[in-house]
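Enquirer:
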Amino acid sequence: NSHTEEVKEPVHALKVKKLVEHAIIPKKANQYAAGYDLFSSNTEDIVIKAQGKALIPTGCSFAIPHGNYGRIAPRSGLAWKNHLDVGAGVIDSDYRGEIRVVIFNLAQEDYTVTPGERIAQMIIEKVVPTEICEVDDLEETTRGEGGFGSTGVKLNEITDKLNKENATA
1 NSHTEEVKEP VHALKVKKLV EHAIIPKKAN QYAAGYDLFS SNTEDIVIKA
51 QGKALIPTGC SFAIPHGNYG RIAPRSGLAW KNHLDVGAGV IDSDYRGEIR
101 VVIFNLAQED YTVTPGERIA QMIIEKVVPT EICEVDDLEE TTRGEGGFGS
151 TGVKLNEITD KLNKENATA
């Protein structure tokens, strides 16, 4: 048979509790969306001043399955059209308080968050179990200690070296 069967992974329950009656339960825009849209639970407009920030309530708390965490991420439309970004976006699996979203307004104009507005998304991600192990030395890598744009510089150095070697060959 040339048909391939779609392998389904087990679905874990993401329990959510409404903390206020008017809170909107998060939902995915479609079946393939990575994140659940989070909605503001404010009852009045919240104005985020230009170049300012605000803490926006969702009116919801979650029980994220152990071995996972919730990552609060910006919605691409708000980021692109309105210059809004989110911060402090890690929700541990044992946290049971209200999810509130830090929104930064990077624009030159004020932004108004209306009641029930989609403000961010929460993506459930796996946590890789790790343990700190202090060592005297770390294995060497090609990158080494280069950071903050160094890989572009290193790539140019490698390209120049290869070009010189090819020119003399």
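Residue 1 is where the sequence shown starts when you use UniProt numbering, and the numbers rise one by one after that.
Cβ coordinates follow ideal geometry from the N, Cα and C atoms, glycine included.
1) Quick one: any contact between the region 25-39 and the region 114-133, if contact means 3 or more CB pairs under 8 Å?
2) Would you mind reading off the limits of the beta strand (DSSP E) that contains residue 97?
3) What beta strand (DSSP E) runs, 3 residues minimum, are completely inside the UniProt domain "dUTPase-like" (22-152)?
4) For residue 20, which residues from the same chain have a beta carbon less than 6 Å from its beta carbon, with the 5 sequence-adjacent residues on both sides left out?
5) On a CA-only basis, which of 32, 84 and 88 is nearest residue 69? Give me that one, please.
6) Quick one: grab the DSSP three-state call for residue 170.
7) Judging by CA-CA distance, which residue of 158, 138, 31 and 23 is the nearest neighbour of residue 43?
8) Go through its chain and collect everything with a Cβ distance to residue 184's Cβ below 8 Å, but skip five positions before and after it.
9) Using C-beta distances below 6 Å, list every residue in its chain close to residue 78, excluding the 5 sequence neighbours before and after it, in chain order.
10) Please classify residue 10: is it buried, with 16 or more other beta-carbons within 10 angstroms of its beta-carbon, or exposed?
Expert: Well, looking at it:
1) yes
2) Taking the sequence shown and counting its residues from 1, the one referred to as residue 97 is at position 97. Here residue 97 belongs to no beta strand (DSSP E), and DSSP marks it neither H nor E.
3) 35-39, 46-48, 53-57, 60-63, 68-73, 84-87, 100-105, 111-113 and 118-126
4) Numbered from its first residue, the sequence shown carries residue 20 at position 20. Hits under 6 Å: 41 and 59.
5) Here the question's residue 69 lines up with position 69 in the sequence shown. It is 88.
6) No answer is possible for residue 170: it lies beyond the span of the chain, which begins at 1 and ends at 169.
7) As a working mapping, residue 43 is identified with position 43 in the sequence shown. Of the listed residues, the one whose Cα sits closest to residue 43 is 23.
8) The first residue shown for the chain is 1 and the last is 169, placing residue 184 beyond what the model contains.
9) Sequence index remark: in the sequence shown, residue 78 carries index 78 (1-based). So the list reads 84, once near-sequence residues are dropped.
10) The residue labelled residue 10 in the question sits at position 10 within the sequence shown. It counts as exposed.
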